[in-house]
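These notes concern the structure reproduced below.
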DNA sequence: AGAATTACTAGTAAAATAGTATGAAATGTC
DNA sequence: GACATTTCATACTATTTTACTAGTAATTCT
């Protein structure tokens, strides 16, 4: 029942990009220095975020990444689902590519319980925006605007 | 963000024991036949449930297991936490045995978000009792009271 | 041309998950 | 008391997932 590092780091990357948004592209090297995550691992994460349309990326000298939208336009749930695949607590609630779900769904005494859990989780993560996390970050002791 | 088979199966075992409660001990063999889970794997699960005080177990001929309380006295959250360790979405919220949590907690922009997720999950699973699942099971099409 | 940076594909070590296997101990029945 | 049945305890194992690392190609600016 854990969120993977990809999901957690993706949130930190998005917050980092929001806090350091100057309109310029931000290199993974800079994020790596601030967040303590290797450039190589960050590459994997931003690739997914980029393909989801959450980032604008540019190769080459002075290249890097920046947010494609304003922070309040990102739901945290969307970011997490993008990284995790989905946030369903049990496999039988996943959108299966081949359309196969549990054949015993009709007689399953726990299915509606899992549906309820799935709903509270997704409703919660969708109620928070990236802007909320950014505001939280700025309000904390020790936040250094210069970095 | 998945519940393991141990957590899912434990719920099925508890429901099974509730639905077939006659006051007698129920052998894992019977649960295995009905639920399609091997006796050996069931052993691992009921051992944990037993040590948590959720079951009364008896060895030997005509031995087996039965619920220690009435179904409405079990919160689903307690059963799941017993099997999963905890239901926290991130490690830093776990009750660490050595008391070590994240040293950057004070400056973490995502901590309160994770706390909120932890709360909605645990509040939800604690709002459902085993009796609710049993009622759900009985109400479904295809439930055969004879087995 | 050359440095910086992302993009793409593959590989790998460690941990977690989902079981199996073996045998001992207890209990009721014949 | 022998025996079948069942839990209890411990250890082992195969597979999958996670969390990275590595190498190289492509792009961009100076």
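Chains as they are written, first to last, in the numbering used here: chain W, 1 to 147; chain X, 1001 to 1147. Every residue gets a Cβ at the ideal spot worked out from N, C-alpha and C, and that includes glycine. Keep in mind it's a predicted model, so treat the numbers as computed, not measured.
Taken atom to atom, the span from the alpha-carbon of residue 124/W to that of residue 1091/X is near 19 Å. The stretch 1128-1141 of chain X makes contact with the stretch 102-121 of chain W: 3 or more CB pairs, one atom from each, lie closer than 8 Å.
Under the three-state reduction of DSSP, residue 1001/X is assigned to coil, being neither helix nor strand. A direct Cα-to-Cα measurement between residue 1027/X and residue 1093/X gives close to 38 Å.
With a threshold of 8 Å between beta carbons, residue 1136/X makes contact with chain W. Taking 9 Å as the Cβ-Cβ cut-off, the stretch 5-17 of chain W approaches chain X at 7, 8, 11, 12, 15, given in chain order.
If the five residues before and after residue 1134/X are omitted, its C-beta is found closer than 8 Å to the C-beta atoms of 1015, 1018, 1019, 1071, all from its own chain and listed in chain order. Taking 8 Å as the CB threshold, residue 1/W lines the interface with chain X. Counting only residues of its own chain and dropping the five nearest sequence neighbours on each side, residue 24/W has a CB closer than 8 Å to the CB of 62, 64, 66.
Sixteen is the threshold: when 16 or more other Cβ atoms of the shown chains lie within 10 Å of the Cβ of residue 1081/X, as they do, the residue is buried.
Between residue 1036/X and residue 1083/X, the C-beta spacing is not below 8 Å. At least 8 Å separates the CB of residue 74/W from every CB of chain X.
In this structure residue 1089/X touches residue 2/W by the C-beta definition: roughly 6 Å separates them, less than 8 Å.
Secondary structure at residue 1110/X: coil, using DSSP grouped into helix, strand and coil. For residue 87/W, the C-beta contacts it makes with chain X under 9 Å involve 1001, in order along the chain. Here DSSP, grouped into helix, strand and coil, assigns residue 1094/X to coil. Membership of residue 133/W in the alpha helix (DSSP H) is indicated by the continuous run 130-139. Between the C-alpha atoms of residue 120/W and residue 1042/X there is a straight-line separation of about 30 Å. Nearest neighbour of residue 73/W by Cα position, chosen from 85/W, 9/W, 53/W, 57/W, turns out to be 53/W.
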